[in-house]
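J.: Quick one: the structure is below, questions incoming.
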Amino acid sequence: MVIPSSKKGDSPLTITRQYLLIIKTMRATFGVSNLINNLKLSIMKTIFTFLSMLLFTVALAQDKVFVHTATASNISAAATILDHPDLNGNGSANFIVTHNLENGGVQYNDHVTGTFYSTSLSQWAVFNEDGTDMVEGSSYNIYIPDGGKMINVEADGSSYELQLNDPDINGNPNAVMVYATYWNPNSVYNDNNHGFYYNSTENRWYIYNEETTVDIPAGAVFSILIDEGTGGATAFSHSATASNIVSNYTIIDHPSLNGKPNAYPVIAHNWGTGGDASNIVMDNTFGVWYDGSNWTIYTEDVSPMPENAKFNVYVADPTLGVEENETIAAVSSYPNPTNGKVTFTANEAISTIAIYNILGQEVQQVSGNNSNAFTMDISGLASGNYIAKVQAGNAVQSVKLIKI
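All residue numbers for the sequence shown refer to UniProt numbering, where the first residue is 1 and numbers rise by one.
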């Protein structure tokens, strides 16, 4: 026999009477010994059910990520409207956003972007903080914490930096955090790039304006993912070195990302602790793109990636990605680097190859020969780094191409 829970509004006296009546009934039916045994069994079942539900809830609470592309149909002035079941109608569902250079096309957006919730649409949006029109074709990795620990912090307008105070990061110089600016609470625009640094004297983390002569606007709010929690994410820091820097980007080498075009990481700049080689102020907007084998971090203004720059990276469990990218065409290229001709191979017939420079401009395009291998001549291009977008069957893949 299961003891019923009390109804809302029942007084303690009413509840006591209900239980006395139950006990009297059980005594008359089972006797004292049977009463005790049945109560024990009932309690054990209740505890087991509660623990099972708790474990099930924890198992379901895991972070998710998807990629969103701004199109003519979802752009409204400076914003692009998101349409996702985990966000629609959920005004408290803060998320992290990172620019993604290439998702079906190469498109830069050298503007600081923030997040806001439209109460009239009951949908979230990503918008350019400076109010300029959203760039059509630009893409964004959207990371939704669900188990990962997110906090909101508000600036008072008195400084270019804002102290973070949470037991999960206090005293931990190795904490990994990413952020998004959040317009809604106070309707405050925050058109600044930000990074994190650790104050080893105070044992506290700060988020700071990379333009250090400008205070963070009063009322500006940041949504900050500070800990993996039970979200199932992989969080780590990446350092740009001479060996992994190419022009305006740094190549990430990590098992959670290598060979995984649908990983869709989110990132943030980490200045580090005083005295670190990473003590570089970087007033740049950053994004990520997949070069065919690795994810990279790049500067939107195409300025050179400085050596020793440090970045925080979050990667959601890849099995929980909720929107897939194009099917991978298994494209390879050789020789690469090349000073003239380059051959592309794929697992299906190649239909087109388009070459883009690092500004996202298409500089050359050719049609394939309906075979799995195609050789093209790029001797007319200037020396430098390019992205080759290869269409093979229904699949599209971008690969890094170096012209020497």
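Each residue gets a CB set at the ideal place from its N, CA and C atoms; glycine is no exception.
Scan the region 65-135 and note each continuous beta strand (DSSP E) run of 3 residues or more that stays entirely inside, going in chain order.
T.: Within the region 65-135, the complete beta strand (DSSP E) runs of at least 3 residues are 79-81, 96-100, 113-118, 123-128.
J.: Quick check on Ala388: buried or exposed, where buried means 16 or more other Cβ atoms within 10 Å of its Cβ?
T.: To locate residue 388, count along the sequence shown from 1; it is residue 388. So Ala388 counts as buried.
J.: Quick check on DSSP: helix, strand or coil for Thr250?
T.: As a first step, residue 250 is located in the sequence shown; it is residue number 250 there, counting from the start. DSSP places Thr250 in strand when its eight states are reduced to three.
J.: By Cβ distance, which residues of its chain are closer than 7 Å to Glu323, with the 5 residues on each side in sequence left out?
T.: As a first step, residue 323 is located in the sequence shown; it is residue number 323 there, counting from the start. Any reading at Glu323 is ruled out, since the residue's pLDDT is 43, under 50, leaving its predicted position unreliable.
J.: Using a Cβ distance threshold of 8 Å, determine whether the region 188-207 contacts the region 138-149, with at least three qualifying pairs required.
T.: Verdict: no, contact absent.
J.: Going by DSSP, what residue range makes up the beta strand (DSSP E) through Trp183?
T.: Stepping through the sequence shown from its first residue, residue 183 is reached at position 183. Here Trp183 belongs to no beta strand (DSSP E), and DSSP marks it neither H nor E.
J.: Looking at Ile96 and Val288, is the spacing between their C-beta atoms short of 8 Å?
T.: Mapped onto the sequence shown, residue 288 falls at position 288. Mapped onto the sequence shown, residue 96 falls at position 96. Not a contact, by the Cβ cut-off of 8 Å.
J.: Helix, strand or coil for Gln361? Go by DSSP, reduced to three states.
T.: Residue 361 sits at position 361 when you count from the first residue of the sequence shown. If DSSP states are grouped into helix, strand and coil, Gln361 belongs with coil.
J.: Measuring straight from C-alpha to C-alpha, what distance separates Gly274 and Glu202?
T.: Translated into positions along the sequence shown, residue 274 becomes position 274. Translated into positions along the sequence shown, residue 202 becomes position 202. About 12 Å.
J.: Looking at the unbroken beta strand (DSSP E) that takes in Ser299, where does it start and where does it end?
T.: Taking the first residue of the sequence shown as position 1, residue 299 is located at position 299. Looking at the sequence shown, residue 299 is not Ser but Thr. Residues 295-299.
J.: Does Tyr334 pass the burial test, meaning 16 or more other C-beta atoms within 10 Å, or should it be called exposed?
T.: By one-based count along the sequence shown, residue 334 stands at place 334. Exposed, because fewer than 16 other Cβ atoms sit within 10 Å of the Cβ of Tyr334.
J.: Whole angstroms are fine: how far does the CA of Asn184 sit from the CA of Ala207?
T.: Taking the first residue of the sequence shown as 1, we reach residue 207 at position 207. Taking the first residue of the sequence shown as 1, we reach residue 184 at position 184. Note that residue 207 is Ile in the sequence shown, not Ala. Taking the straight line joining both Cα atoms gives about 19 Å.
J.: Alpha carbon to alpha carbon, how far is Gln107 from Gln361? Give it in angstroms, no decimals.
T.: Here residue 361 is taken as the residue at index 361 of the sequence shown, counted from 1. Here residue 107 is taken as the residue at index 107 of the sequence shown, counted from 1. Gln361 and Gln107: Cα-Cα distance of roughly 8 Å.
J.: According to the neighbour-count rule (16 or more other Cβ atoms, all chains shown, within 10 Å of its Cβ), is Pro12 buried or exposed?
T.: Position 12 of the sequence shown holds residue 12. Below a pLDDT of 50, predicted positions are generally treated as unreliable, and Pro12, at 37, falls in that range; no measurement from the model is reported.
J.: Just mark Pro145 as buried or exposed, buried being the case when its beta carbon has 16 or more other beta carbons within 10 Å.
T.: The sequence position of residue 145 within the sequence shown is 145, counting from 1. Its Cβ being crowded by 16 or more others within 10 Å, Pro145 is buried.
J.: Per DSSP, what kind of secondary structure is Asp377 in: helix, strand or coil?
T.: Mapped onto the sequence shown, residue 377 falls at position 377. Looking at Asp377 - three-state DSSP - the assignment turns out to be strand.
J.: Comparing C-alpha positions only, which one of Ser243, Thr250, Tyr160, Tyr290 sits nearest to Gly259?
T.: Looking up residue 259 in the sequence shown gives position 259. Comparing Cα-Cα distances from Gly259 to each of Ser243, Thr250, Tyr160, Tyr290, the minimum goes to Tyr290.
J.: Ignore the nearest five residues each way along the sequence and tell me which others in Thr299's own chain have a CB closer than 7 Å to its CB.
T.: Sequence index remark: in the sequence shown, residue 299 carries index 299 (1-based). Hits under 7 Å: Asn248, Asn284, Phe286, Met305.
J.: With burial defined as no fewer than 16 other Cβ atoms inside 10 Å of the residue's Cβ, what is the status of Asp83: buried or exposed?
T.: Your numbering for residue 83 matches position 83 in the sequence shown. It is exposed - the Cβ of Asp83 has fewer than 16 other Cβ atoms within 10 Å.
J.: Report the CB separation of Phe236 from Val178 in whole angstroms; it is logged as a contact under 8 Å.
T.: Residue 236 sits at position 236 when you count from the first residue of the sequence shown. Residue 178 sits at position 178 when you count from the first residue of the sequence shown. Not really, about 12 Å apart at Cβ, beyond 8 Å.
J.: First and last residue of the beta strand (DSSP E) that includes Val331?
T.: Residue 331 sits at position 331 when you count from the first residue of the sequence shown. Run containing Val331: none; DSSP gives neither H nor E here.
J.: Once the 5 residues before and after Glu136 are set aside, which same chain residues still bring their CB inside 7 Å of it?
T.: Against the sequence shown, residue 136 aligns to sequence position 136. Excluding positions up to five away in sequence, the list reads Ala70, Thr71, Ala72, Ile75.
J.: Looking at the unbroken beta strand (DSSP E) that takes in Tyr264, where does it start and where does it end?
T.: To locate residue 264, count along the sequence shown from 1; it is residue 264. Counting along the chain, Tyr264 falls outside any beta strand (DSSP E), and DSSP gives it neither H nor E.
J.: For Met305, which three-state DSSP category applies?
T.: Taking the first residue of the sequence shown as position 1, residue 305 is located at position 305. Three-state DSSP puts Met305 in coil, outside helix and strand.
J.: When you compare each of Ile216, Ser122, Ala263, Asp133 to Thr234 by their alpha carbons, which one comes out closest?
T.: One-based indexing of the sequence shown puts residue 234 at position 234. Per the Cα distances, Ala263.
J.: Compare the beta carbon distance of Glu129 and Tyr189 with 8 Å and say whether it is the shorter of the two.
T.: As a first step, residue 129 must be located in the sequence shown, where it is residue number 129. As a first step, residue 189 must be located in the sequence shown, where it is residue number 189. In contact: Glu129 and Tyr189 (Cβ atoms closer than 8 Å).
J.: For the beta strand (DSSP E) containing Leu162, list its first residue and its last residue.
T.: What you label residue 162 is simply residue 162 of the sequence shown in a count that begins at 1. Taken as a continuous stretch (DSSP letters only), the beta strand (DSSP E) holding Leu162 covers 161-164.
J.: Hey, Gly147 and Pro217 are a contact pair by Cβ (cut 8 Å); roughly how many whole angstroms apart?
T.: Within the sequence shown, the letter at position 147 stands for residue 147. Within the sequence shown, the letter at position 217 stands for residue 217. With 8 Å as the limit, Gly147 and Pro217 do not qualify as a contact, their Cβ atoms being about 31 Å apart.
J.: Should Gln62 be labelled buried (16 or more other beta-carbon atoms within 10 Å of its own) or exposed?
T.: For the purposes of this step, residue 62 is taken as residue 62 along the sequence shown, with counting starting at 1. Buried.
J.: By DSSP, does Gln62 sit in helix, in strand, or in coil?
T.: The count along the sequence shown starts at 1 and reaches residue 62 at position 62. It is coil, neither helix nor strand.
J.: Beta-carbon separation of Thr345 and Asn372 under 8 Å?
T.: The residue labelled residue 345 in the question sits at position 345 within the sequence shown. The residue labelled residue 372 in the question sits at position 372 within the sequence shown. Yes. Within cutoff.
J.: Can you name the residues that DSSP bridges to Asn312?
T.: Locating residue 312 in the sequence shown gives position 312, where the first residue counts as 1. DSSP, once it has assigned bridges, lists Ser237, Ala268 as partnering Asn312.
J.: So what's Val390 in DSSP terms, helix, strand or just coil?
T.: Residue mapping note: residue 390 aligns to position 390 of the sequence shown, counting from 1. DSSP places Val390 in strand when its eight states are reduced to three.
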